[in-house]
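Notes follow once the structure below has been shown.
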Amino acid sequence: MISFQQVEKRIGDASIIKGLNLEIHAGELFVLIGPSGCGKTTTMKMINRLIEPTAGRIEINGEDIFKTDPVELRRSIGYVIQQIALFPHMTIGENVALVPKLKKMERSQYEKKVDELLDMVGLDPKVFKNRYPAELSGGQQQRVGVIRAMAADPPIILMDEPFSALDPISREQLQDEFVRLQKTINKTIVFVTHDMDEAIKIADRICLMNDGTVVQLDTPDVLLQNPANEFVVNFIGAKRLRKVKELHPATSKKAALPKWSIS
Amino acid sequence: MNDWILFLTERYDLVLSLLWEHSYISFIAVMAGFLIAVPLGILLTRTEKINKYVIGFVNILQTIPSLALLGLMIPLLGIGAVPAVVALFLYSLLPMLRNTFTGIREVDPALIEAARGMGMTSFQILLKIELPMAISIIMGGFRTATIYTISWATLAAVIGGGGLGYLVFTGLGLANDNMLITGALATAMLATIADLLTRKVQKLCTPKGLKIKRAD
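First to last, the sequence lines map onto chains A and B.
According to the working numbering, the residues represented by the first sequence are 41 to 303, in order.
According to the working numbering, the residues represented by the second sequence are 126 to 341, in order.
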């Protein structure tokens, strides 16, 4: 679906991304994780060309994205950021309908979609559609942030630490809802986080990065049971690894994971 | 007091015509300033390299004493209403230019990034995000400029531009207190009305979603 081929990014003398090769499959929830400055956000922003690489090739469905119009490309990729960034002068309805409007969709068509999406995250359209972002709580705002990215039905959604600005309770709730949501919408999601618990809870695959390269790319289970090296062990944390050993002496089941995701 | 009322009843047509003159001189100057300052302010947010110099230049314009600037207009444009309007126009630029520039600069970069990431073009971001977010600050600059211009327009009389300054300066020259007081009060009144009106305009321009205080 999305493929990075020998992608590099340099800013001046600093090498941010060093010869990155990645394959992100259709329909998976792909988590990019790593310490700050590891290049995870840069990697994500190269997918919708908010950042242009210095060298290499990025393809979506076999097409070189640098041959497409960046504005059109972005309209076909959902985007959610940490700061939520709902437009405060637009109502919730207007915020969600923004990309469909940019894509010149029929009003009747997107109005229905907006209602559906609001319902999907438990915000009654009758109550919330005409409210302004300032009238919503942080958790409600980020629910809107997430569905805003889905409004034009993009096959890919990029999420840059979408839940990290929320309080712990809203964060848990949104993560749970999000996992449920992902099962029904079946989109390709690239999700950046620095929170290992979050990654384990939601990811199909986790890509652990450090210093501009991939350290390990595996499913959460494999990552926990066979950390590739010392760095991975340290990043996951000895505590979590011990819990895995206690809970899963031999094999592991993903269903049991949420239990120890709350640390 | 009686004297003053007598003065007003005898000369009210003069006072009214001066009031009218004062209003339109100020209005034309501020409107022209607005039409130049706002686009220029927007342009400056797009040009990192020169914005310091342009703002600096307009700042210098502002520090020229108003009387001197009016005096400088005489060799350039002669006397009358035109040089007065030009001088006032130059003065009105700074508050509106500065407010447009800072208003747009201070829009949360996260909003711009979200807009860009969602596939808005730079022009759409300006029109649909930056301007609505900054309009209240821009109109604040318009308000400041309007009030300043009305008070500075008093000096227009010095170069034959007319307006209520005529009453003030003639009153001073003739030691006619009634004239002086009428000129001063009328100017103050005009500025107050302009303040109320522009405040209203500012409020009307501010998008509804930005007036709501945060619930949590």
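C-beta: ideal position from N, C-alpha, C; glycine also.
Two segments are said to touch when three or more pairs of C-beta atoms, one from each, lie closer than 8 Å; by this definition the segment 175–182 of chain B does not touch the segment 240–256 of chain B. When DSSP assignments are scanned along the segment 184–268 of chain A, the uninterrupted stretches of alpha helix (DSSP H) that are 4 or more residues long and fall wholly within it turn out to be 208–225, 236–242 and 260–265. Any Cβ of chain A closer than 7 Å to the Cβ of L251/B would place that residue at the interface, and such an atom is absent. For F127/A, the chain B residues whose C-beta falls within less than 9 Å of its own C-beta are L236, A239, A240, K253, I254, P257, M258 and G334, listed in chain order. When the five nearest sequence neighbours on each side are left out, the beta carbons in the same chain lying within less than 6 Å of the beta carbon of I64/A are those of M41, I42 and F70, in order along the chain. Rounded to whole angstroms, the separation of the alpha carbons of A189/A and I167/B is 29 Å. The straight-line gap separating the alpha-carbon atoms of K279/A and G265/B is approximately 56 Å. Under the three-state reduction of DSSP, Y291/B is assigned to helix.
Here the C-alpha atom of I229/B lies approximately 7 Å from the C-alpha atom of L256/B. The C-beta distance from S261/B to Q187/B rounds to 23 Å, too long to meet the 8 Å contact threshold.
An exposed status is given to T134/B, since fewer than 16 other beta-carbon atoms sit within 10 Å of its beta-carbon. Taking a C-beta distance under 7 Å as the contact criterion, A313/B and L289/B do not qualify as a contact pair. Counting C-beta pairs closer than 8 Å gives fewer than three between the segment 107–117 of chain A and the segment 257–270 of chain A, which falls short of the contact rule.
Put simply, the backbone Cα of P220/B is about 51 Å away from that of V219/A. T94/A has its alpha-carbon roughly 34 Å from the corresponding atom of M258/B. Distance from the CA of K241/A to the CA of E173/B, rounded to the nearest whole angstrom, comes to 44 Å. Exclusion of the five residues before and after G203/B leaves no residue of its chain whose Cβ lies closer than 8 Å to its Cβ.
When DSSP states are grouped into helix, strand and coil, R147/A belongs to the helix group.
With a cut-off of 8 Å on Cβ pairs, the segment 198–217 of chain A is not in contact with the segment 136–149 of chain A, counting fewer than three such pairs. A contact is defined here as three or more CB-CB pairs under 8 Å, and the segment 128–145 of chain A meets this definition with respect to the segment 164–177 of chain A. For W277/B, the number of other beta carbons within 10 angstroms of its own is at least 16, and it is reported as buried.
Per DSSP, V71/A is one residue of the beta strand (DSSP E) stretching across L69 to I73. Contact annotation: P208/B and I284/B have beta-carbon atoms nearer than 7 Å.
Note: A309/B is not bridge-paired with any residue in the DSSP secondary-structure output. Around the beta carbon of G287/B, a 10 Å sphere encloses 16 or more other beta carbons of the protein chains shown; the residue is thus reported as buried.
Nothing from the segment 147–166 of chain A brings a Cβ to less than 8 Å from some Cβ of chain B. Judged by DSSP secondary structure, I91/A falls outside any alpha helix (DSSP H); it is assigned neither H nor E. For the pair G74/A and I56/A, the CB atoms are not nearer than the 7 Å cut-off. In chain order, V111 make up the part of chain A whose C-beta sits under 7 Å from the C-beta of T246/B. Put simply, the backbone Cα of M245/B is about 46 Å away from that of W145/B. Neighbours of I337/B in chain A, taken as residues whose beta carbon is under 8 Å from its own, are Y172, A174 and E175 in chain order.
Inclusion of T323/B and R268/B in the CB contact set at 7 Å is warranted, their separation being smaller than that value. The three-state reading of DSSP puts R324/B in helix, counting H, G and I together.
Setting aside the 5 residues that flank it on each side, A268/A is surrounded in the same chain by Q256, each with a C-beta closer than 6 Å to its C-beta; the list follows chain order. The beta carbon of L165/B lies closer than 7 Å to those of L222 in the same chain, with the five residues before and after it left out. At a cut-off of 7 Å between C-beta atoms, R115/A counts as an interface residue with respect to chain B.
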